DNA sequence: CATTAAATGTGTCATTTCGACACAATAATA
DNA sequence: TATTATTGTGTCGAAATGACACATTTAATG
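Residue numbers (our numbering), protein chains in the order written: chain A, 1 to 235; chain B, 1001 to 1235.
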């Protein structure tokens, strides 16, 4: 038992943080939920929402706790991105950061809680410099989002329950920062069989009202872990 | 400063381990380099190669150290898989495990070092039960390998510098555990423009000698982070 | 009330890609 | 020289893709 103890006893314990990249979509742009820190360290600067792992808490649970604290939402899409552990990434003390990214319906969160945390939705194109290595985390998360959305039907997580094909197209155009052909996009999306016509139409339109669809949850679950092979047209 | 100290001081420090999933290919099967532990805890059982993060060591550096210790190789393909942090995953003490996976040329490693660590190459199909949550790590790594190899020209990392198209095909057949059509495979691979005909032929053949190709490093680098869209035929 | 403008739904067509399959070339062996 | 196993390359029809046209819906306009 002494031998066992030695291996463990002589090893370093580290602070373990959890940081969350929170994506939203307002109909035009992809946005991030960032906080202007009113606490140390780096008070006054922008950062991701985060916290430390608790003694008796799984990592995923920690991410969900932190997301709930800020947005009042649970049951949202959360995925482990990766872990950042450069020796000097946190100037106060060496800290490993386990990073998750979340996709939420931007209109569904708790406004009050967001205000209390001094948080704001900021367009991807206007993201300020962030503390520590949070910039790189955001970069990597965007790559992952693009990667994932090309292959899995993940985009729906950013939209309300009922949505139109033009809305979905705008979402993909925002994710990939490129224009897509309406007609080809529609064909591709409908060919997945994931969309169910609700019979309703989008009333908030000054011109032709688009059909409101909802996800076929069943097919969604079954297709989610399979490759999807959707990709924006190459040029 | 007291405020700052409180946030940090009252948080838990955790043991941080690094575990490595090491893939190899022997020409027929995908294999894992596993160790039969001659140390506690779980002495006598099989596990991944791992270790603890050192005080002044980046995570990636730690993975490379551990890989070098076992195989004598550096400059190999290593990618962060994900981090496992369930509260009770290690019965001795709560430990977070940052997991990497590596792809190596199975004939290039240091035999002596592998023997000294009581390690063995074990076919994916015969992997014994592993300690802790290492089974799930292996499962996830295989998923990642399949995912990645379908989209990026990653398979070459498992082959010697010069290789034939039939060898490459056998590799993909092993990764996806399915048979592929020779003629379609050849067409797809050659169409990527990544292969350069060395002019040499594989002399270890009792029949028609296959052309030896090597990677076009330049194109390889440029295509690596782009989607590749190679996938085995569906059925 | 007819016209216009903007947005949506659907269709066509040529090109490319993909899967299934056939045939010729190479090299050791009998 | 025939045989056998393996490798290289070609063909063909079906499906998917990108480029593009046209008709429909709706509010606003005169």
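Glycine included, each C-beta is placed from N, C-alpha and C at the ideal position. Because the structure is a prediction, the values reported are computed rather than measured.
For residue j and residue i, believed in contact at Cβ under 8 Å, the rounded distance
i	j	result
residue 72(A)	residue 110(A)	3 Å
residue 1083(B)	residue 198(A)	Not quite, the Cβ-Cβ distance comes to about 40 Å (not below 8 Å), so this is no contact.
Below-8 Å beta-carbon distance, residue i vs any chain B residue
i	result
residue 8(A)	yes
residue 173(A)	no
residue 142(A)	no
residue 58(A)	yes
residue 230(A)	Residue confidence for residue 230(A) is low, a pLDDT of 49 falling below 50, so the modelled location carries little weight and cannot support an answer.
residue 16(A)	yes
residue 55(A)	yes
residue 19(A)	no
residue 215(A)	no
Residue of the options minimising C-alpha distance to residue i
i	options	result
residue 1124(B)	1218(B), 1029(B) and 1021(B)	1029(B)
residue 1090(B)	1112(B), 1049(B), 1065(B) and 1134(B)	1134(B)
residue 76(A)	88(A), 60(A) and 97(A)	60(A)
residue 10(A)	1051(B), 1209(B), 1155(B) and 1140(B)	1051(B)
residue 207(A)	166(A), 138(A) and 186(A)	166(A)
residue 136(A)	81(A), 204(A) and 180(A)	81(A)
residue 1017(B)	1024(B), 1046(B) and 1057(B)	1057(B)
residue 1196(B)	1146(B), 1115(B), 1022(B) and 1164(B)	1164(B)
residue 1182(B)	1168(B), 1047(B), 1221(B) and 1108(B)	1168(B)
residue 1034(B)	1113(B), 1190(B) and 1053(B)	1113(B)
residue 1085(B)	1098(B), 1079(B), 1023(B) and 1128(B)	1098(B)
residue 1142(B)	1172(B), 1041(B), 1216(B) and 1115(B)	1172(B)
residue 1120(B)	1179(B), 1043(B) and 1048(B)	1048(B)
residue 144(A)	7(A), 8(A) and 21(A)	21(A)
residue 27(A)	43(A), 192(A) and 204(A)	204(A)
residue 78(A)	148(A), 209(A) and 6(A)	148(A)
CB contact below 8 Å: residue i versus chain A
i	result
residue 1013(B)	yes
residue 1198(B)	no
residue 1098(B)	yes
residue 1063(B)	no
residue 1085(B)	yes
residue 1222(B)	no
residue 1218(B)	no
residue 1235(B)	In this predicted model, residue 1235(B) has a pLDDT of only 37, less than 50, meaning its place in the structure is not dependable enough to derive any value.
Test item: CB-CB of residue i and residue j under 8 Å
i	j	result
residue 15(A)	residue 69(A)	no
residue 63(A)	residue 39(A)	no
residue 214(A)	residue 170(A)	no
residue 1118(B)	residue 1036(B)	yes
residue 154(A)	residue 103(A)	yes
residue 223(A)	residue 211(A)	no
residue 1122(B)	residue 1045(B)	no
residue 1138(B)	residue 1032(B)	yes
residue 219(A)	residue 190(A)	no
residue 1054(B)	residue 95(A)	no
residue 1158(B)	residue 1023(B)	yes
residue 1107(B)	residue 1160(B)	yes
Interface residues of chain A facing residue i [CB-CB closer than 9 Å]
i	result
residue 1052(B)	7, 8, 10, 11 and 12
residue 1080(B)	82 and 83
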